[in-house]
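K.L.:
Taking this note's numbering, the leading residue of the sequence shown gets 17, the next gets one more, and so forth. Idealized CB from N, CA, C, for every residue including glycine. First, the structure itself, so that you have it in front of you.
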Amino acid sequence: MDSDLLPHTQARMSDLLCFSRYDSDTCNSILWSWGHSGRYKMGYKSDIEIARGASKALIQDIGAKIGIESKDLLPYGHDKAKVSQSFINSVQGRENGKLILVTAINPTPAGEGKTTTTVGLGDGLNRIGKNAMVCIREASLGPNFGMKGGAAGGGYAQIVPMEDMNLHFTGDFHAITSAHSLLSAMIDNHIYWGNDLEIDTRRVVWRRVVDMNDRALRQITASLGGVSNGFPRETGFDITVASEVMAILCLANNLTDLQKRLGDMIVAYRRDRSPVFARDIKADGAMTVLLKDAMQPNLVQTLENNPAFVHGGPFANIAHGCNSVIATTTALKLCDYVVTEAGFGADLGAEKFLNIKCRKAGLAPSAVVLVATVRAMKMNGGLSKAELGAENVTAVEAGCPNLGRHIENLKSFGVPVVVAINHFVTDTEAEVQAVKDYVASQGSEAIVSQHWEFGSKGSEALATRVAEIADADMANFAPIYPDEMPLADKIQTICKRIYRADEALMDQKIRNQLREWEEQGYGHLPVCMAKTQYSFSTDPNLRGAPVGHSVPVREVRLSAGAGFVVAVCGEIMTMPGLPRKPAAETIMLNDAGEIEGLF
């Protein structure tokens with residue numbers, strides 16, 4: 017190990033926090049392993065302690081690094097700011113830098129560290145003299161208070177201010193919730209005052225949203241209590257990140273495009289099945305006003321004072337799972353390398369990034385970094401959480417086919433793939449070598465990265481190789497299906513080529529609905545699969561690289577404003593619930609008024 021790294025060696029407390037969501041025995045096992053590995057040292061810090069001790073630069077100085085003057089920043093305190101639309105407009109004529117996508121294997125309780133790797137790679141590129149910045153998504157409150165945790169990275173590869181990012185931040189999600197709720201209120205208000213648009217109240221498809229995990233609101237009956245409260249009807253709530261308004265904000269190019277897309281949203285149908293749009297309700301203008309500031313990307317910094325845009329936050333299991341187009345495209349005008357992430361595993365986030373976001377925004381990645389961990393390979397190889405502390409090369413090798421399938425899938429888009437082994441202190445040399453050997457057999461390269469423990473010093477090798485690949489212009493990117501392919505065939509293509517399913521199961525009602533949308537002019541849209549993130553199949557317990565399974569499509573939804581068709585598969589929910597012991601139980605203020613419990 018490099019002697020420069022030794023003074024900063026830290027056991028990763030957030031690993032314990034991650035595992036403690038599941039069982040204390042695993043925590044004890046990890047502690048035992050660390051204590052007997054010769055690498056564990058006392059005095060470890062949690063993510064929030066590391067973030068709290070950061071030496072942050074003024075946000076104006078961060079902006080100056082990438083050519084944004086103070087007059088073009090709208091500060092939210094001293095350490096975060098929004099970038100003005102006028103500045104964004106002024107840089108559109110510049111050439112693009114290299115786009116690098118970070119994705120991952122299917123998530124497991126063992127942890128993968130995709131956002132952490134994204135931040136670490138961005139810092140690593142800056143360390144080796146490249147002009148680079150990071151673009152990631154904002155965090156949703158629901159998972160923060162539930163089980164998933166925050167979205168700012170971890171260890172010494174974090175974006176700060178970490179507490180703000182994982183809570184209210186600059187209010188973007190609140191604005192999205194408010195805009196969505198305004199439309200909900202205006203629909204029911206229109207019906208109450210005579211229903212001039214002749215909306216069939218049985219066919220109102222616009223649900224409500226809240227940025228919290230609340231299973232009790234999944235299906236409700238609204239307007240009970242008498243004539244003065246309106247006409248009772250069945251509806252329900254989704255989490256804010258599943259709102260079409262969120263998808264639109266993340267795909268819109270500017271405020272004009274935003275308002276058009278909002279107006280194009282279908283909110284209900286008449287008895288003759290003709291659609292009613294948000295613009296018919298006359299809600300699009302007011303919604304745009306509520307979203308005016310939220311459309312501007314948020315500029316923050318890494319622990320190493322490198323610039324980062326944090327903007328938008330759709331989940332990849334129920335939406336398209338990428339940060340905003342406006343943030344990514346602006347960053348590409350400001351830097352030579354932009355590192356961005358796609359949500360959950362590559363079968364969801366990367367597939368949607370490449371088939372939806374890149375298609376809509378005219379983007380093409382120069383390289384893809386696929387994040388994996390030795391521990392996750394063990395879980396895919398059949399081990400339980402309690403068995404992860406001991407060396408088991410056989411289990412690592414048995415779990416590698418999950419990694420291999422993601423490599424093959426990503427290469428099918430015509431992009432070069434590098435595997436980043438996000439290093440944990442429990443990893444042994446033999447286990448790491450097993451992953452490297454397997455990746456080499458798949459025609460790719462695996463590089464160990466220790467950014468969590470050591471920041472950019474630990475990601476230098478990864479950054480050097482990724483930059484070499486990006487600069488070599490090896491990519492020949494193309495989506496895996498054309499616009500003109502029928503919607504049902506697009507769904508089948510993803511299920512067969514990405515999930516390796518035998519088929520997508522769609523009943524006649526769903527097929528008829530897809531054909532009807534094609535007749536209405538929506539057949540060119542891409543599809544957005546809503547599916548469990550834990551498996552290539554729709555069974556969250558089926559790890560590895562399953563074959564011979566089917567993907568049941570439960571329903572389809574038309575997101576006409578966002579510009580895609582959602583296929584809801586299996587038992588996936590667009591409103592998650594809290595676990596038995598939610599993280600909210602341990603989030604509090606300490607005696608110094610500081611936040612405790614975030615991770």
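(1) Helix, strand or coil for D216 per DSSP?
(2) Name the DSSP beta bridge partners of M604, please?
(3) What's the C-alpha gap between A343 and G127?
(4) Just mark H94 as buried or exposed, buried being the case when its beta carbon has 16 or more other beta carbons within 10 Å.
(5) Where does W209 land, buried or exposed, given buried means 16+ other C-beta within 10 angstroms?
(6) Assuming L267 contacts G474 under a Cβ cut-off of 8 Å, what Cβ separation, rounded to an integer in Å, is found between them?
(7) In the DSSP assignment, find the beta strand (DSSP E) that holds V385 and state where it starts and stops.
(8) Could you tell me whether the Cβ atoms of E476 and I144 are closer together than 8 Å?
(9) Alpha carbons only, please: which of N333, T186, D352 is nearest the one belonging to P556?
(10) Residues in its own chain within less than 7 Å of E534 by CB, not counting five upstream and five downstream?
(11) Just reading off the alpha helix (DSSP H) that L240 is part of, what are its end residues?
(12) Measure the alpha-carbon distance for D88 versus I104 and round it to whole angstroms.
(13) Leaving out the 5 sequence neighbours to the left and right, which residues in its chain are closer than 6 Å to N245 when beta-carbon positions are compared?
(14) Would you say N245 reaches chain D, if we count a Cβ-Cβ gap shorter than 8 Å as a contact?
(15) Indicate whether F253 and D227 have their beta-carbon atoms separated by less than 8 Å.
(16) How do the segment 420-438 and the segment 376-385 stand: do at least 3 beta-carbon pairs fall below 8 Å, yes or no?
(17) Given 8 Å as the limit, is there contact between the segment 284-301 and the segment 319-338, that is, 3 or more CB pairs closer than that?
(18) To the nearest angstrom, how far is it from the Cα of R287 to the Cα of L213?
(19) Three Cβ pairs or more, each shorter than 8 Å: is that satisfied between the segment 536-547 and the segment 485-492?
(20) Examine the Cβ distances between the segment 399-406 and the segment 447-454 and report whether three or more of them are shorter than 8 Å.
(21) Please state whether the Cβ-Cβ distance between F552 and Y497 is less than 8 Å.
(22) Mapping the DSSP letters down to three states, classify D273 as helix, strand or coil.
(23) Which residues in the same chain have their Cβ closer than 8 Å to the Cβ of S428, if we skip the five residues on either side of it in sequence?
(24) Taking the alpha carbon of L233 as the point to measure from, which residue in T251, F189, F247 has its own alpha carbon closest?
(25) Between the Cα of T410 and the Cα atoms of R224, N270, N396, S457, which residue gives the shortest distance?
P.N.:
Checking against the coordinates, here is how it stands:
(1) Here residue 216 corresponds to residue number 200 of the sequence shown, with the count starting at 1. Strand at D216.
(2) Here residue 604 refers to the residue found at position 588 when the sequence shown is read from its first residue. For M604, which the question treats as bridged, DSSP gives the partners E612.
(3) Numbered from 1 along the sequence shown, position 327 holds the residue referred to as residue 343. Numbered from 1 along the sequence shown, position 111 holds the residue referred to as residue 127. Whole-angstrom Cα-Cα distance: 27 Å.
(4) Against the sequence shown, residue 94 aligns to sequence position 78. Answer is exposed; the Cβ neighbour count stays below 16.
(5) In the sequence shown, residue 209 corresponds to position 193, counting from 1. W209 comes out exposed.
(6) As a first step, residue 267 is located in the sequence shown; it is residue number 251 there, counting from the start. As a first step, residue 474 is located in the sequence shown; it is residue number 458 there, counting from the start. L267 to G474, Cβ: 34 Å. No contact.
(7) Numbered from 1 along the sequence shown, position 369 holds the residue referred to as residue 385. That run of the beta strand (DSSP E) goes 383-388.
(8) Position 460 of the sequence shown, counted from the start, is the residue given in the question as residue 476. Position 128 of the sequence shown, counted from the start, is the residue given in the question as residue 144. It is a contact, given that the beta carbons lie within the stated cut-off.
(9) Mapped onto the sequence shown, residue 556 falls at position 540. The shortest C-alpha separation from P556 is found at N333.
(10) Looking up residue 534 in the sequence shown gives position 518. Cβ neighbours of E534 beyond the five flanking positions: P502, L503.
(11) Sequence index remark: in the sequence shown, residue 240 carries index 224 (1-based). Where L240 is concerned, there is no enclosing alpha helix (DSSP H), given that its DSSP letter is neither H nor E.
(12) Here residue 88 is taken as the residue at index 72 of the sequence shown, counted from 1. Here residue 104 is taken as the residue at index 88 of the sequence shown, counted from 1. Cα-Cα distance, rounded: 9 Å.
(13) Counted from its first residue, the sequence shown places residue 245 at position 229. Hits under 6 Å: S239.
(14) Looking at the structure shown, chain D is missing, and only one protein chain is on hand.
(15) Stepping through the sequence shown from its first residue, residue 253 is reached at position 237. Stepping through the sequence shown from its first residue, residue 227 is reached at position 211. Taking 8 Å as the Cβ cut-off, F253 and D227 do not qualify as a contacting pair.
(16) Enough Cβ pairs lie closer than 8 Å, so yes.
(17) Cβ pair count under 8 Å is below three, so no.
(18) For this step, residue 287 is matched to residue 271 along the sequence shown. For this step, residue 213 is matched to residue 197 along the sequence shown. Answer to the nearest angstrom: the Cα atoms are 11 Å apart.
(19) no
(20) By the Cβ rule, the segment 399-406 does not count as touching the segment 447-454, because fewer than three pairs are nearer than 8 Å.
(21) Along the sequence shown, read from residue 1 onward, the residue named residue 552 stands at position 536. Along the sequence shown, read from residue 1 onward, the residue named residue 497 stands at position 481. In this structure, Y497 does not lie closer than 8 Å to F552 by Cβ.
(22) Along the sequence shown, one-based indexing puts residue 273 at 257. Looking at D273 - three-state DSSP - the assignment turns out to be helix.
(23) Working through the sequence shown from its first residue, we reach residue 428 at position 412. Taken in chain order, the residues that qualify are I496, R513.
(24) In the sequence shown, the residue the question calls residue 233 occupies position 217. Answer by Cα proximity: T251.
(25) Taking the first residue of the sequence shown as 1, we reach residue 410 at position 394. Residue N396 is the option with its Cα nearest to T410.
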